[in-house]
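Data block below; observations after.
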Amino acid sequence: MKTIQKLSLAFLLLTAIAFKSNAQNQIEIVIVGSSHNNAKSAQDFQPIIDKLKNFKPDMVFGEYLPASDYAKLEENNWAVKVFKKGHDYIEKLNPETPKNIVSQIKKDQKALSSFAYYHKTRMDLAVNFAKNWDRGNSEYQIFVLENYMKNSFGKEERVEYAKMFGNIDSLKKAGLYRTASEYSKIYFPLIYQLKQDRIYNMDCQTYDKPWSAAWAKTDSLYKIMINKGKADSTSAEAATVKAIETYWSYSEEESKVFNADQYAGMNTVKYGVLDEAWNFYGGTHFYGYAGFPTESVKAMIAQWTLRNEGMCKNIIEQAKAKNAKRVIVGVGASHRKWMEEILAKNPAVKIINYNDLH
């Protein structure tokens, strides 16, 4: 009997050690549901930056497509079209390209790691990132030049900058400097304050075409339901429309709390529920309701899930390659709930909600 008890205790001890070891080896990931439009002044976002900085992330990811993915997509893909404008703008102003652009990028990053104020080197780096289809890091380097370096340029550097990038209005028009984006307001300042040299790209656009088709079909069927409800207020479709309108609304009190701290609000369970309803015409809650386009919404969600799984895969692969322990992911708020749920299934990952940071 005593032998059995000793074996049981030994087993429990080994299990506890294994559990502790597994917990220590987990990658801690914070998915920060973010707004793509942030109109407040930069200083209003510093408390958010400080909260993320205190987490001490090894890597910061953004909703940018990995450079190698652009060649795999059709020219009419929205991500390709959005960045092609900036890419072509930089190409026009800077027609000469290094023979080995990847090697040159690494060389310039190494130089800047030893001295951050090699302004011409940073300009070259921003240009070569754009030429190499790395939108996230081209935008980051332009942000650094505009916000932290430009005021200390010498006369020749100002002339060179204008030659390589044009003026700030042209950069904005080309989509290379987006002052209200979550990156300009939160993630680029965060990276700079952490003294890190890049943002990591993790978007996935592989499923954009079937997603767009499912979205278009759902939108058409939803409008049919709306019109039937308007034509007959006593119809089953009218009851569905009324139920959706009630379901996807904040109460007055909830709305006040959300508006008091938008980023805290976007990372709550409640927001995740409502956001699903807003993005999916009512969402899973209304499957089977009269007139509700259940099958096409299911098709939308299937493609949305695949995209979010692809994004999570990109994060995990890069984090493991860098042996990262703590990771921040800045992503549109509509992705946060889905990505948290996907990553939480991975035993190598520990999800930490933004609102649990201090």
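So in this note's numbering the end of the sequence shown lands on 381, straight run, no missing numbers.
Idealized CB from N, CA, C, for every residue including glycine.
inquiry  = Within 10 Å of its beta-carbon, does glutamine 326 have 16 or more other beta-carbons around it, so buried, or fewer, so exposed?
reply    = Glutamine 326 is buried by the Cβ-count criterion.
key: Minimum C-alpha distance to lysine 178 - residue among His142, Ala266 and Asn61   = Lysine 178 has its Cα closest to that of His142, out of His142, Ala266 and Asn61.
task = Rank Gln47, Ile54 and Ile50 by C-alpha distance to the C-alpha of threonine 291 and give the top, closest one.
result = Considering only Gln47, Ile54 and Ile50, the residue with the shortest C-alpha distance to threonine 291 is Ile54.
request  = Please report how far the alpha carbon of serine 44 lies from the alpha carbon of isoleucine 72, in whole angstroms.
outcome  = For serine 44, the predicted structure reports a pLDDT of 47, less than 50, and the residue's modelled location is therefore unreliable. A value from the coordinates is still provided. Rounded to the nearest angstrom, the two C-alpha atoms are 31 Å apart.
message = Considering Cα atoms alone, identify which of Val280, Gly305, Lys115 and Tyr206 is closest to isoleucine 267.
response = When only C-alpha atoms are compared, the closest one is Gly305.
task = Give, in chain order, every unbroken run of the alpha helix (DSSP H) that is at least 4 residues long and sits entirely within the stretch 184-263.
result = Fully contained in the stretch 184-263 are the following alpha helix (DSSP H) runs of length 4 or more, in chain order: 191-196, 211-216 and 231-254.
inquiry  = Could you check whether leucine 96 and glutamine 228 sit closer than 7 Å to each other, using their CB atoms as the reference points?
reply    = The answer is yes: Cβ separation under 7 Å.
inquiry  = Within the continuous alpha helix (DSSP H) that includes isoleucine 124, where are the two ends?
reply    = Bounds of the alpha helix (DSSP H) holding isoleucine 124 are 124-137.
ask   = Of all the alpha helix (DSSP H) runs that stay within the bounds of the stretch 276-301, which reach a length of 4 or more residues?
value = Considered as a whole, the stretch 276-301 harbours 285-289 as its complete alpha helix (DSSP H) runs of no fewer than 4 residues, in chain order.
message = If the criterion is Cβ atoms closer than 7 Å, does the pair glutamate 332 and isoleucine 365 meet it?
response = The Cβ-Cβ distance between glutamate 332 and isoleucine 365 falls below 7 Å.
inquiry  = Only counting the same chain, and skipping five residues up and downstream in sequence, which positions put a Cβ closer than 8 Å to that of alanine 203?
reply    = These residues qualify, in order along the chain: Asn60, Asn61 and Ala62.
ask   = Quick check: the stretch 90-105 against the stretch 124-133, are there 3 or more CB pairs under 8 Å?
value = Result no; under three Cβ-Cβ pairs closer than 8 Å.
query = If you run the structure through DSSP and keep just helix, strand and coil, what is glycine 305?
reply = The answer is coil: DSSP assigns glycine 305 none of H, G, I, E or B.
query = Taking the runs of the alpha helix (DSSP H) that are 4 residues or longer, which of them lie wholly in the stretch 331-376?
reply = Listed in chain order, the alpha helix (DSSP H) elements of length 4 or more contained wholly in the stretch 331-376 are 356-367.
query = Which two residues bound the contiguous alpha helix (DSSP H) that contains glycine 177?
reply = For glycine 177, no alpha helix (DSSP H) encloses it, and the DSSP letter there is neither H nor E.
key: Buried versus exposed call for threonine 263 [16 or more other C-beta atoms within 10 Å across all chains shown]   = By the 10 Å Cβ count, threonine 263 comes out buried.
query = In chain order, what residues of the same chain have a beta carbon less than 8 Å from the beta carbon of histidine 381, not counting five sequence neighbours either side?
reply = Lys74 and Asn77, listed in sequence order.
query = Among residues of its own chain, excluding the 5 on either side of leucine 194, which ones have a beta-carbon nearer than 7 Å to its beta-carbon?
reply = Ile165, Phe188 and Tyr200, listed in sequence order.
task = Report yes or no: do three or more beta-carbon pairs, one from the stretch 80-97 and one from the stretch 112-119, lie closer than 8 Å?
result = No, because fewer than three Cβ pairs between the stretch 80-97 and the stretch 112-119 fall closer than 8 Å, the two stretches do not touch.
query = How about isoleucine 351 and valine 83: do their beta carbons lie closer than 7 Å?
reply = For isoleucine 351 and valine 83, yes; Cβs fall inside 7 Å.
query = Per the contact definition of three or more C-beta pairs closer than 8 Å, is the stretch 303-323 in contact with the stretch 367-376?
reply = With the cut-off at 8 Å, the stretch 367-376 and the stretch 303-323 do not touch.
7 Å Cβ shell around asparagine 376 - same chain, five flanking residues per side excluded = The residues Asn290, in chain order, have a CB closer than 7 Å to that of asparagine 376 in the same chain once the five nearest residues on each side in sequence are set aside.
request  = Under 7 Å Cβ to Cβ from alanine 197, same chain only, skipping five residues before and after it: list those, please.
outcome  = If we look at alanine 197 and ignore the five residues flanking it on each side, its Cβ neighbours are Lys108, Gly109 and Tyr112.
query = Hey, quick one: how far does the beta strand (DSSP E) through methionine 172 stretch, first residue to last?
reply = For methionine 172, there is no enclosing beta strand (DSSP E), as DSSP gives it neither H nor E.
key: phenylalanine 84 - partner residues in DSSP beta bridges   = BP columns for phenylalanine 84 point to Tyr223 and Val352.
task = Below 6 Å CB to CB, which residues in the same chain sit around alanine 259 once its five sequence neighbours on both sides are set aside?
result = Within the same chain, alanine 259 has close Cβ partners Ala313.
message = Below 8 Å on the Cβ atoms is my contact criterion, and I expect alanine 153 with threonine 144 to pass it. Report the Cβ-Cβ distance as a whole number of Å.
response = Contact flag wrong, Cβ pair sits at about 15 Å.
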